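Asks: Order-wise, the sequence lines are chains A and B.
So in the working numbering, spot 116 of the first sequence is number 116, and the numbers just go up one at a time.
So in the working numbering, spot 35 of the second sequence is number 35, and the numbers just go up one at a time.
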Amino acid sequence: MTHNTNKDYIGAKIGMWLFLFTEILLFGGLFVLYSVYLHRYPEEFHLAGSELNVYFGTANTLVLLTSSFSMALSITALQKGNKKLCMILLTVTMILACVFLVNKYFEWAAKIHHGIYPDSPTLLERPKGEIIFFGLYYTMTGLHGLHVLIGALIIFVVLILVAKNRVTSSDFVAVENTGLYWHLVDMIWIYLFPLFYLVV
Amino acid sequence: MHAEEEHIVEYKLLFKVLIALFILTGLTVLAGSVDLGYLNVVVALLIATAKACLVVFFFMHLKYEGGLFKIMVLLVFVILAIFIGFTFFDVAFRTN
């Protein structure tokens with residue numbers, strides 16, 4: 001028993017969850033905004049929402065769900081002492097995060113090409129509800145995209161830590177907490193996707 | 001010695017969860033293509049919540065955590081529900 005360092009796993013995870021709660025309330029505020037304006041401008045939201053590409057949205061949902069799956073697998077792999085598999089799965093997660101962002105880039109680029117971006121002359125000519133819809137669309141998917149980018153960077157750091165044996169099968173809370181963050185990002189998208197692409 | 005106490009979620013179970021998430025995604029796309037009027041939002045949010053539960057309980061290991069974690073997460077979602085619910089007490093009854 002040469003276990004000198006005191007590792008508090010429960011404490012570490014509670015800390016992570018507390019941070020996630022602040023994230024939930026951050027996006028929660030935006031969801032309140034969305035629902036209030038959906039309530040006020042149902043027709044405009046319907047018209048504007050039907051302009052979004054459901055295929056892009058669905059593809060990105062599947063990509064993000066799969067990345068969450070590979071992240072969860074990587075933790076199991078590390079717990080079982082399979083370092084190599086863990087590293088492969090973390091890399092896969094990172095690649096899927098990039099695929100999501102590239103998709104998002106094309107989606108946004110197509111919209112911007114049509115002159116629809118915050119404060120654009122084309123958009124400002126439209127009814128108020130549609131301006132608000134696209135404003136919320138850019139704010140919420142943008143903030144979410146930023147989280148995807150940060151998540152991918154954190155996964156990259158953890159991948160290096162695993163490679164250097166700083167995170168191992170007996171000390172893996174860093175991977176678990178990264179996973180928690182990544183799954184939260186996935187969960188937020190689970191709500192964003194139907195609200196923007198489907199219901200309206 | 002904490003690592004030994006950790007619950008390991010099997011690959012197979014995680015794969016089943018992924019399949020369930022895919023099926024629910026298909027379902028929500030399908031439900032979105034049918035015009036149910038007001039119910040569209042309700043159905044979409046119910047399916048999204050089912051998906052979120054799968055992610056939280058299995059991918060985020062909440063199912064295998066102690067009661068403290070479960071109460072904390074529940075509390076946050078109750079607060080969020082109050083937050084959104086009370087906003088609608090205001091919004092829904094305005095007359096302008």
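Glycine residues also receive a C-beta, built at the ideal position from the N, C-alpha and C atoms.
As the structure is a computational prediction, the values presented were derived from the model and not from experiment.
Tell me where the alpha helix (DSSP H) around ARG286 of chain A begins and ends.
Replies: Outside the shown range of chain A, which is 1 to 200, sits residue 286 of chain A, and nothing can be said about it.
Asks: At least one CB of chain A closer than 8 Å to the CB of LEU14 of chain B: is that the case?
Replies: yes
Asks: What are the start and end residues of each continuous alpha helix (DSSP H) run of 4 or more residues lying completely inside the region 7-78 of chain B, in chain order?
Replies: 11-33 and 39-54
Asks: What number of angstroms, rounded off, separates the C-alpha of LEU24 of chain B from the C-alpha of LEU47 of chain A?
Replies: Each residue's Cα considered, the two are about 25 Å apart.
Asks: Can you list the residues of chain B that SER35 of chain A reaches, using a CB-CB cut of under 7 Å?
Replies: ILE84
Asks: Please name the residue, chosen from B:PHE93, B:ALA52, B:GLU10 and B:LEU80, that lies closest to LEU30 of chain A on a Cα-to-Cα basis.
Replies: B:LEU80
Asks: Are LEU85 of chain A and SER67 of chain A touching if we call contact CB-CB under 8 Å?
Replies: No; because the gap between Cβ atoms is not below 8 Å, this pair is not in contact.
Asks: Of the residues that make up the region 44-72 of chain A, which ones have a beta carbon closer than 8 Å to any beta carbon in chain B?
Replies: VAL54, THR58, THR61, LEU62, LEU65, THR66, SER68, PHE69, MET71 and ALA72
Asks: Report the rounded CA-to-CA distance for TYR197 of chain A versus ALA50 of chain B, giving the unit in angstroms.
Replies: 18 Å
Asks: Hey, is TYR191 of chain A's beta-carbon within less than 8 Å of any beta-carbon in chain B?
Replies: Cβ-Cβ to chain B under 8 Å: yes for TYR191 of chain A.
Asks: Rank A:MET71, A:GLU130, A:VAL36 and A:ILE112 by C-alpha distance to the C-alpha of GLY49 of chain A and give the top, closest one.
Replies: A:GLU130
Asks: Between which two residues does the alpha helix (DSSP H) harbouring ASP119 of chain A extend?
Replies: Premise fails: ASP119 of chain A is in no alpha helix (DSSP H) and is neither H nor E.
Asks: Could you tell me whether the Cβ atoms of VAL199 of chain A and ASN40 of chain B are closer together than 8 Å?
Replies: yes
Asks: If you count every other CB in all the chains shown that lies within 10 Å of the CB of LEU124 of chain A, and 16 or more means buried, which is it?
Replies: Counting Cβ neighbours within 10 Å, LEU124 of chain A comes out exposed, since fewer than 16 surround it.
Asks: Which first and last residues belong to the alpha helix (DSSP H) in which GLY179 of chain A is found?
Replies: 173-193
Asks: Taking contact to mean 3 or more Cβ pairs, one atom from each stretch, closer than 8 Å, check whether the region 61-81 of chain A and the region 14-22 of chain B are in contact.
Replies: Yes: at least three Cβ pairs fall under 8 Å.
Asks: Ignore the nearest five residues each way along the sequence and tell me which others in LYS80 of chain A's own chain have a CB closer than 8 Å to its CB.
Replies: SER169
Asks: Figure out for me which residue from A:TRP182, A:LEU184, A:LEU33 and A:VAL173 has the closest Cα to the Cα of LYS13 of chain A.
Replies: When A:TRP182, A:LEU184, A:LEU33 and A:VAL173 are compared, the shortest CA-CA separation from LYS13 of chain A is found for A:VAL173.
Asks: Do the region 136-155 of chain A and the region 179-199 of chain A meet, that is, are 3 or more Cβ pairs less than 8 Å apart?
Replies: yes
Asks: Going along the chain, which residues of its own chain have a beta-carbon closer than 7 Å to the beta-carbon of ALA77 of chain A, five neighbours each way excluded?
Replies: LEU85, CYS86 and LEU89
Asks: The alpha helix (DSSP H) that contains TYR137 of chain A, what's its start and end?
Replies: 128-163
Asks: Helix, strand or coil: how does DSSP classify THR168 of chain A here?
Replies: strand
Asks: Give the straight-line distance between the Cα atoms of LEU72 of chain B and THR122 of chain A, rounded to the nearest whole angstrom.
Replies: Looking at the sequence itself, residue 72 of chain B is Met, so the reference to Leu does not match. Going by the C-alpha atoms only, they are around 46 Å apart.
Asks: In terms of residues, what are the limits of the alpha helix (DSSP H) holding VAL63 of chain A?
Replies: 54-79
Asks: Grouping DSSP H, G and I as helix and E and B as strand, with all else coil, what is VAL91 of chain B?
Replies: The answer is helix: DSSP assigns VAL91 of chain B an H, G or I state.
Asks: Output the distance between the C-alpha atoms of TYR9 of chain A and ASN177 of chain A, rounded to the nearest integer angstrom.
Replies: Roughly 10 Å separates the two Cα atoms.
Asks: By the criterion of Cβ-Cβ separation under 8 Å, what are the contact partners of PHE31 of chain A in chain B?
Replies: ILE84
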